[in-house]
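In my numbering, the protein residues as written are 9 to 124. The beta carbon of each residue, even a glycine, is placed where N, CA and C say it ideally should be. Here the structure is a predicted model, which is why all the values come from computation and not from measurement. Notes follow once the structure below has been shown.
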């Protein structure tokens, strides 16, 4: 990494990260660790694991922050870090909610019919 490229993100409340590669590697590893606890056939695990692995590979392959931002196309690197933090929080909540388990009771007959 060539060091900090900017003094500010220009976004209120979002500070510049001095070690974005390290931070993203840690976050993506934590996300993958949580996903390992979710059943392999769960849709959330399959798709989130695929996206996280792709992004982790990109982070490992691109040492330059500006080029990494361009390759990811997700905004500034600090925004990518924020997205990863939010995904980690969601993955932990999904472990509690267990949406892959069957419903406790049958849904109402026309629950998904619109307009009624």
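Could you tell me whether the Cβ atoms of residue i and residue j are closer together than 8 Å?
{"i": "residue 59", "j": "residue 92", "result": "no"}
{"i": "residue 66", "j": "residue 79", "result": "yes"}
Would you call residue i buried or exposed, if buried means 16 or more other Cβ atoms sit within 10 Å of its Cβ?
{"i": "residue 103", "result": "exposed"}
{"i": "residue 77", "result": "buried"}
{"i": "residue 55", "result": "exposed"}
{"i": "residue 113", "result": "exposed"}
{"i": "residue 32", "result": "buried"}
{"i": "residue 95", "result": "buried"}
{"i": "residue 45", "result": "exposed"}
{"i": "residue 19", "result": "exposed"}
{"i": "residue 84", "result": "buried"}
{"i": "residue 99", "result": "buried"}
{"i": "residue 111", "result": "exposed"}
Whole-angstrom Cβ separation of residue i and residue j, contact assumed at under 8 Å?
{"i": "residue 89", "j": "residue 28", "result": "6 Å"}
{"i": "residue 86", "j": "residue 24", "result": "7 Å"}
Quick one: grab the DSSP three-state call for residue i.
{"i": "residue 17", "result": "coil"}
{"i": "residue 27", "result": "coil"}
{"i": "residue 46", "result": "coil"}
{"i": "residue 122", "result": "coil"}
{"i": "residue 99", "result": "helix"}
Taking CB distances under 8 Å as the criterion, tell me whether residue i reaches chain D.
{"i": "residue 115", "result": "In the structure shown, chain D does not exist; there is a single protein chain."}
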